[in-house]
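Working notes, structure below.
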């Protein structure tokens with residue numbers, strides 16, 4: 001494991017041996033060092049002793065579940081970025097998700113390449129030891145302000161009238177700035193499911209967001225269309 | 001004050017014992033009987049002339065009435081649950097049976113893709129040349145995709161019961177246009193006749209209050225189903241009407257029709273009729289669709305015939321937003 005000390009260390013926490021046995025070698029081939037543990041309590045220990053670059057956490061585990069592990073780490077002011085292997089829930093649950101402070105979510109079953117892409121994106125986005133956008137209560141970009149606790153958005157200091165889904169899409173875009181997000185991924189993250197024509201649903205909400213943000217798709221200040229790929233939030237985002 | 005409270009408690013306890021309640025219930029009829037006996041036998045009958053009835057009988061009837069009233073008051077709940085007991089037992093049996101059936105069907109749905117996956121893995125390990133290995137990998141990917149779909153639909157079905165529904169105005173004609181457009185762009189829909197008919201005169205459709213995305217999923221399932229179970233010679237028609245109270249959407253096809261024995265079961269979870277054996281799908285589409293329509297206060301019905309002119313019509317009725 002220590003043959004490549006300069007490679008980033010990942011802490012993979014999952015009690016299911018079939019996940020650990022297959023995902024760990026895959027991530028090692030992709031250029032990471034991987035430390036695998038099978039329960040939450042050990043995960044807490046290893047997070048302190050090894051200071052990994054990122055933690056991948058399953059939610060349902062014996063002794064200490066993934067959410068609790070993360071909550072304890074954040075309470076101790078440890079801001080190691082984390083990916084939770086579950087689905088972001090409904091709006092009511094989203095405030096909780098914010099509290100537990102995961103940097104991204106990935107629902108099982110997942111494509112290992114998707115996990116790799118998320119790991120790289122999170123590592124690129126976060127600076128060691130700092131709170132990431134995903135854990136900020138208030139996000140700002142140009143004239144737009146997002147109060148995630150109250151689930152309200154303001155544009156030029158005026159409250160925006162957004163549907164809950166549109167708010168959730170905006171929130172996801174703003175917590176993943178400068179990243180090309182496919183329609184499928186937005187569906188999975190915001191709706192929690194996808195189906196062949198669901199991608200149109202995403203376009204409808206993006207159109208709604210552009211309308212209220214007075215954003216011109218030709219010259220976007222906020223949401224850029226990446227042809228054939230998806231959408232990208234281009235405005236610089238700061239969190240509080 | 002405390003003495004009063006303890007007295008009330010004592011009375012309460014006293015009243016809740018079976019014998020006391022039975023005594024209270026039977027007291028009026030017993031008293032009535034005694035009065036009737038006293039009047040008729042011991043002294044002489046005393047008729048109330050206006051009603052042509054004897055005073056003793058009147059008291060007895062009043063007592064009987066009071067007893068019935070008290071009986072209903074004290075023992076109504078118990079007798080109701082006594083009579084409902086058989087029903088509850090039958091319902092529990094039915095639930096257990098449907099659970100067993102669900103597990104049998106799930107087992108069946110899991111078995112096939114897993115077998116495919118297993119075989120694909122063996123092929124991948126043993127196939128000598130690159131092309132065979134690539135084909136095996138593709139087969140494995142397809143089996144996985146099937147399992148993933150099934151899982152996603154199962155989760156969706158479970159979530160529908162838990163989460164609260166968005167209740168925003170939905171423009172049904174616009175939604176139908178969007179879904180139909182999307183279905184037309186599917187590879188399997190190329191060269192297929194899909195018609196959308198929406199009445200526009202004299203006024204636009206009133207909105208339905210609900211979750212646009214779920215409704216879109218429901219209509220998508222119906223249209224996709226119509227395509228799946230028909231051939232390229234058949235026509236699929238989607239039509240919408242409104243009468244001010246209800247919006248009616250029909251998805252009709254000129255396909256082979258559903259056998260009458262299958263018809264009542266097609267909305268069951270994971271049920272596969274004769275027609276559906278060879279068709280790709282999770283087996284949950286119609287169950288999901290019906291659940292979504294019902295959550296919106298609507299109904300989903302089907303009629304189908306197998307002899308000419310054959311075909312199937314699914315009818316969705318959604319109440320208009322008030």
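Protein chains in written order, with this note's numbering: chain R, 1 to 240; chain L, 1 to 322.
Ideal placement from N, C-alpha and C gives every residue a C-beta, glycine not left out.
Indicate whether at least one CB of chain R lies closer than 9 Å to the CB of residue 23 of chain L. No, residue 23 of chain L does not count as interfacial toward chain R.
In the DSSP output, what is residue 47 of chain L paired with across the bridge? In the DSSP output, where bridge partners are listed per residue, residue 47 of chain L has L/54.
By DSSP, does residue 1 of chain R sit in helix, in strand, or in coil? Reliability fails at residue 1 of chain R, whose pLDDT of 49 lies under 50, so the model's placement of it is uncertain and the value that follows must be treated cautiously. Here residue 1 of chain R sits in coil by DSSP.
Going by DSSP, which residues form a beta bridge with residue 56 of chain R? Looking at the DSSP output, residue 56 of chain R shares a beta bridge with R/12 and R/83.
Which residues in chain R have a C-beta closer than 9 Å to the C-beta of residue 282 of chain L? List them in chain order. Neighbours of residue 282 of chain L on chain R: none; closest Cβ ~10 Å, over 9 Å.
Residue 305 of chain L to residue 290 of chain L, Cα distance in whole Å? Roughly 21 Å separates the two Cα atoms.
Output yes if chain L places a C-beta closer than 9 Å to the C-beta of residue 200 of chain R; else output no. Closer than 9 Å to some Cβ of chain L, the Cβ of residue 200 of chain R qualifies, so yes.
Can you tell me the Cα-Cα spacing of residue 214 of chain L and residue 85 of chain R, whole angstroms? For residue 214 of chain L and residue 85 of chain R, the distance between alpha carbons rounds to 25 Å.
Cβ atoms of residue 233 of chain R and residue 177 of chain R: under 9 Å apart, would you say? Yes, the pair counts as a contact, with Cβ atoms nearer than the cut-off.
If you count every other CB in all the chains shown that lies within 10 Å of the CB of residue 241 of chain L, and 16 or more means buried, which is it? Here residue 241 of chain L is exposed. Its C-beta has fewer than 16 other C-beta atoms within 10 Å.
Cα-Cα separation, residue 1 of chain R to residue 294 of chain L: Confidence in residue 1 of chain R is poor, its pLDDT being 49 and thus under 50, which makes the residue's placement unreliable; the coordinate value appears in the next sentence. Cα atoms of residue 1 of chain R and residue 294 of chain L: separation of roughly 56 Å, rounded to the nearest angstrom.
Taking only beta carbons into account, state which residues of the region 154–170 of chain R come closer than 8 Å to chain L, listed in chain order. For chain L, the residues of the region 154–170 of chain R that bring a beta carbon within less than 8 Å of one of its beta carbons are 163, 164 and 165, in chain order.
Residue 137 of chain R: contacting residues in chain L (beta-carbon distance under 8 Å): Here the premise fails: no neighbours, minimum Cβ distance about 24 Å.
Close beta carbons around residue 324 of chain L, own chain, < 6 Å, minus the five adjacent residues each side: Because chain L in this structure spans residues 1 to 322, residue 324 of chain L falls outside the shown range and cannot be described.
With H, G and I counted as helix, E and B as strand and the rest as coil, what does DSSP make of residue 141 of chain R? Of the three classes helix, strand and coil, the one that applies to residue 141 of chain R here is strand, per DSSP.
Pull up the CB-CB distance for residue 37 of chain R and residue 59 of chain R, whole angstroms please, since I reckon it's below 8 Å. Not really, about 15 Å apart at Cβ, beyond 8 Å.
Just mark residue 119 of chain R as buried or exposed, buried being the case when its beta carbon has 16 or more other beta carbons within 10 Å. Burial call: buried.
Does residue 217 of chain R pass the burial test, meaning 16 or more other C-beta atoms within 10 Å, or should it be called exposed? For residue 217 of chain R, the number of other beta carbons within 10 angstroms of its own is below 16, and it is reported as exposed.
Just curious, the beta strand (DSSP E) that residue 231 of chain R is in, first and last residue? First-last of the beta strand (DSSP E) with residue 231 of chain R: 230–233.
Members of the region 131–148 of chain L that neighbour chain R once the beta carbon cut-off is set at 7 Å: Taken in chain order, the members of the region 131–148 of chain L whose beta-carbon sits within less than 7 Å of a beta-carbon on chain R are 148.
Any heavy atom of the ligand ZN closer than 8 Å to the CB of residue 143 of chain L? Of ligands this structure carries none, so the ligand ZN is not represented either.
If we ignore side chains and look at the alpha-carbon of each, how far apart do residue 208 of chain R and residue 23 of chain R end up? Put simply, the backbone Cα of residue 208 of chain R is about 39 Å away from that of residue 23 of chain R.
Beta carbon proximity, residue 181 of chain L to chain R, threshold 9 Å: True, the Cβ-Cβ gap to chain R drops below 9 Å.
Any beta-carbon of chain R closer than 9 Å to the one on residue 109 of chain L? It does not: the Cβ of residue 109 of chain L has no partner Cβ on chain R nearer than 9 Å.
Just mark residue 231 of chain R as buried or exposed, buried being the case when its beta carbon has 16 or more other beta carbons within 10 Å. Here residue 231 of chain R is buried: its Cβ has 16 or more other Cβ atoms, across all protein chains shown, within 10 Å.
Using CA coordinates, which residue listed in R/83, R/142, R/227 and R/101 is at the minimum distance from residue 215 of chain R? Checked all of R/83, R/142, R/227 and R/101; the closest Cα to residue 215 of chain R is R/142.
Counting pairs of beta carbons, one from the region 224–241 of chain L and one from the region 58–78 of chain L, are three or more of them closer than 8 Å? Contact fails: fewer than three Cβ-Cβ distances are below 8 Å.
Could you tell me which chain C residues have their CB closer than 9 Å to the CB of residue 191 of chain R, listed as they occur along the chain? The structure shown contains no chain C; its protein chains are R and L.
Proximity winner among R/199, R/206, R/201 and R/173, relative to residue 236 of chain R (alpha-carbon distances): For the residues R/199, R/206, R/201 and R/173, the minimum Cα distance to residue 236 of chain R belongs to R/173.
Residue 113 of chain L beta carbon less than 9 Å from that of residue 150 of chain L: A contact, by the Cβ cut-off of 9 Å.
Euclidean distance between Cα positions of residue 90 of chain L and residue 83 of chain L: Cα to Cα, residue 90 of chain L sits roughly 13 Å from residue 83 of chain L.
Partners in chain L for residue 112 of chain R, counting only beta-carbon separations shorter than 9 Å: Within chain L, no C-beta atom comes nearer than 9 Å to that of residue 112 of chain R; the closest sits roughly 12 Å away.
For the candidate residues L/271, L/288, L/319 and L/266, whose alpha-carbon lies nearest to that of residue 327 of chain L? Only positions 1 to 322 of chain L appear in the structure, and residue 327 of chain L is not among them; the question remains open.
Rounded C-alpha distance that separates residue 281 of chain L from residue 195 of chain L: Whole-angstrom Cα-Cα distance: 23 Å.
Opening and closing residue of the beta strand (DSSP E) in which residue 314 of chain L lies: For residue 314 of chain L, the enclosing beta strand (DSSP E) begins and ends at 311–319.
Roughly how many whole angstroms lie between the Cα atoms of residue 114 of chain R and residue 106 of chain R? Their Cα atoms are separated by approximately 9 Å.
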